[in-house]
Amino acid sequence: MPVDKPKPPVIRPTVPKHDDGHGSLVVERQTAKTEPPHLYQVVLLNDDYTPMEFVVMVLQEYFNHDLATATQIMLKIHHEGRGVCGVFTKDVAATKVESVSAAARRGGHPLQCILEAA
Ligand code: TYC
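For the sequence shown, the numbering used here assigns the number 8 to the initial residue and increments by one for each residue that follows.
1. Give the single residue among H116, G114, T41, V65 whose Cα lies nearest to the Cα of V91.
2. Between A127 and H86, what straight-line distance do the alpha-carbon atoms span, to the nearest angstrom?
3. Compute the beta-carbon to beta-carbon distance between G93 and F61, rounded to the nearest angstrom, for a pair I have assumed lies under 8 angstroms.
4. When you compare only the Cα positions, how much space is there between A100 and G30?
5. Identify the continuous beta strand (DSSP E) that holds E123 and give its terminal residues.
6. Less than 7 angstroms between C-beta atoms, sequence neighbours within five positions excluded: which residues of the same chain meet that for S108?
7. Report yes if the C-beta distance between V104 and M81 is below 7 angstroms; otherwise report no.
8. Could you give the distance in angstroms between the alpha-carbon of M59 and the alpha-carbon of T96?
Here it is in structure tokens:
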């Protein structure tokens, strides 16, 4: 017979309650204490030398865009000078910038990848 995995304990948020003195329990609404994380855009800049195919590959491999979307974004950068690859939390965005910059350097391309507050 298969052995069931032990279930993790259920942790519920505690809500302050007090007796209103008239036989009712008053449940107070709690305001959220955690702020949403600040978001950052990873932006690619145009240049005259990086091959279009390399930029499309970067958009597919590092930002999970499909070929059609990657091609559209690459052409937008080519025509407008810059384009957003994706929006992430700070650590994830910074890691993407480092990975893309390292790949560009390895390939001998001048491609610039930068991080901007969203
Ligand atoms: N302008 C480049 C070319 O004509 C292509 C290119 C697109 C380069 C986007 C960088 O971020 C870039 N080969």
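Ideal placement from N, C-alpha and C gives every residue a C-beta, glycine not left out.
Reading it off the structure:
1. Here residue 91 refers to the residue found at position 84 when the sequence shown is read from its first residue. Ranking the options by Cα distance to V91, first place goes to V65.
2. The structure shown does not extend to residue 127, since the chain spans only 8 to 125, so no value can be given for it.
3. Taking the first residue of the sequence shown as 1, we reach residue 93 at position 86. Taking the first residue of the sequence shown as 1, we reach residue 61 at position 54. That belief does not hold up - the Cβ atoms of G93 and F61 are roughly 18 angstroms apart, past 8 angstroms.
4. Walking along the sequence shown from the start, residue 100 turns up at place 93. Walking along the sequence shown from the start, residue 30 turns up at place 23. Going from the Cα of A100 to the Cα of G30 covers about 54 angstroms.
5. Within the sequence shown, residue 123 is the residue found at index 116, counting from 1. E123 -> beta strand (DSSP E) spans 119–124.
6. Position 101 of the sequence shown, counted from the start, is the residue given in the question as residue 108. Closer than 7 angstroms at Cβ, skipping near neighbours: C120.
7. Counting from 1 along the sequence shown, the entry for residue 104 is found at position 97. Counting from 1 along the sequence shown, the entry for residue 81 is found at position 74. Cβ atoms of V104 and M81: not closer than 7 angstroms.
8. Along the sequence shown, one-based indexing puts residue 59 at 52. Along the sequence shown, one-based indexing puts residue 96 at 89. So the alpha carbons of these two residues sit roughly 27 angstroms apart.
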